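Chemist:
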Amino acid sequence: MFNAVRISAPSHVHAGNYDIEGSIGRLYGTVGLALEEPRLVLEASPGRGVEVLGGGRRGDVERFARLYLEKAESRGCSVGGVRLRIHREIPAHVGLGSTTALALSIGASVYRICGIEPLDLKELAVAAGRSLVSALGLYSFEQGGLIVDGGFVRGERRPPPLVFRMHVPRSVRVVAALPERPIPRILDIKRREEELLSRMPSMDPGMAGWASRVVLLGIMANAAEGRWGDAARWMGEFNRRLGEYWAGEQGGVYCCSEAEEIISAIVDAGAWSGLQSSWGPTVYGLVPARRVSDVVDAARKAVEKVGGGRVWATSVDNVGAVISSV
């Protein structure tokens, strides 16, 4: 049992889902990367009820805290309440995995304060209704790196299995951009996400086969041999082709003209590839370290041209969440 716990959890970016056809018995299958920045950083300590200090998602924090306190109480924890101080946040609902990171961080902190061991992250995710379709957020929190999950089985309420995880060296950098202008439209899509997904047509079997082959041979095999430029280029083509599948709902291969313009600029400046994360509007480039400065400059100019926003360079997080006593 800990008197206080500090958790620093990575964000993540999505590259795509390789099988939305489902004839093999599994659906989706997700590819993505954990990022060192931005991060969620919070501290938790025993309290009365639920007390939240800082941050902009009080309602979500309180909801997750009450959920996990109830779960912990059912396992004999008598703490009774938790005080949560949010030091840093991941921008919400823009393709950076903020909600799963928040849920798992709060769940892990409550369970650690209560002395519930070992910490079962899958249990925490399922309790909050997270990581049941894509487990990228779960495995980013657990161990980071380049992640491929195996998709979910219809009718089963469990996270997809981790089928591939690779440490990504610091010679591979990520330049990310978050344009401001498309955010209201993306938030509207997120509110209607279940409806949109329910009416999406099944993926053409040929497309699912191509995407699966690219994941295995273009991404996983090249990453395993350290051919990061090749792996990154295939990730970009994978992302672009999957954008064609989602084009009817998002209005094009990418979520918006802003994303398309930024992606074009970062590739022209020397990125191996440019990708959109989930529905966007966050986009990112996989970049050889020697070209980071050029790509950041190009991304900033492109973001300013399309109405402003944020640009940052970071590395892949190969550790996952760091949980420590305070």
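Sequence positions in the sequence shown follow the UniProt record's numbering and run 1 to 326.
No residue lacks a Cβ here, since even glycine has one placed at the ideal position from N, Cα and C.
Since the structure is predicted, the reported quantities are computational estimates derived from the model, not experimental observations.
(1) Which parts of the UniProt domain "GHMP kinase C-terminal" (220–303) are runs of the beta strand (DSSP E), unbroken and 3 residues or longer, counting only runs that do not cross its ends?
(2) Got a sec, what are the start and stop residues for the beta strand (DSSP E) A313 sits in?
(3) For E117, which of helix, strand or coil comes out of DSSP?
(4) May I ask you to report which of helix, strand or coil DSSP gives D204?
(5) Could you have a look at L96 and say whether DSSP puts it in helix, strand or coil?
(6) Exposed or buried, residue 330, counting other C-beta atoms within 10 Å across all chains shown (16 or more means buried)?
(7) Relative to the C-alpha of N318, which residue among V50, I7, E36 is closest?
(8) Pairs of beta-carbons, one from the stretch 62–73 and one from the stretch 125–142, closer than 8 Å: are there three or more?
(9) For S273 and G236, which I take to be in contact (beta-carbon distance under 8 Å), what is that distance rounded to the nearest angstrom?
(10) Based on Cα-Cα distance, which residue from P161, I86, R83, R75 lies nearest to L119?
(11) With DSSP run on the structure shown, which of helix, strand or coil describes I90?
(12) Here's the rule I'm using: 16 or more other beta-carbon atoms within 10 Å means buried, otherwise exposed. How should residue 329 be labelled?
(13) Please list, in chain order, all residues of the same chain as V326 whose beta carbon is under 7 Å from its beta carbon, the five residues on each side excluded.
(14) Hey, how far is the Cα of A259 from the Cα of R181?
(15) Taking buried to mean at least 16 other C-beta atoms within 10 Å of its own C-beta, is I24 buried or exposed?
(16) Between which residues of its own chain and L178 is the CB-CB distance below 7 Å, once the five residues before and five after are set aside?
(17) Short of 7 Å in beta carbon distance, which residues of its chain neighbour V133, apart from the five on each side in sequence? Order them along the chain.
(18) Does the pairing of the stretch 161–176 with the stretch 186–198 give three or more beta-carbon distances under 8 Å?
(19) Taking 6 Å as the limit between beta carbons, can you name the residues of its chain near G206, skipping five residues before and five after?
(20) For V322, does the count of other Cβ atoms within 10 angstroms reach 16, so buried, or fall short, so exposed?
(21) Could you check which residue in G137, G47, R39 has the C-alpha nearest to that of G55?
(22) Considering only C-alpha positions, which residue in the set Y284, Q276, S257 is nearest to G270?
(23) Where V215 and G145 are concerned, what is the direct C-alpha to C-alpha distance, given to the nearest angstrom?
Modeler: In terms of the structure at hand:
(1) 273–276, 283–288
(2) 309–315
(3) coil
(4) coil
(5) coil
(6) The question about residue 330 has no answer, for the chain in this structure spans 1 to 326.
(7) E36
(8) yes
(9) 3 Å
(10) R75
(11) coil
(12) Any question about residue 329 goes unanswered here, given that the chain covers just 1 to 326.
(13) A4, V5, R6, E43
(14) 10 Å
(15) exposed
(16) P91, V94, P281, T282, G309, R310
(17) Y28, F152
(18) no
(19) none
(20) exposed
(21) R39
(22) Y284
(23) 15 Å
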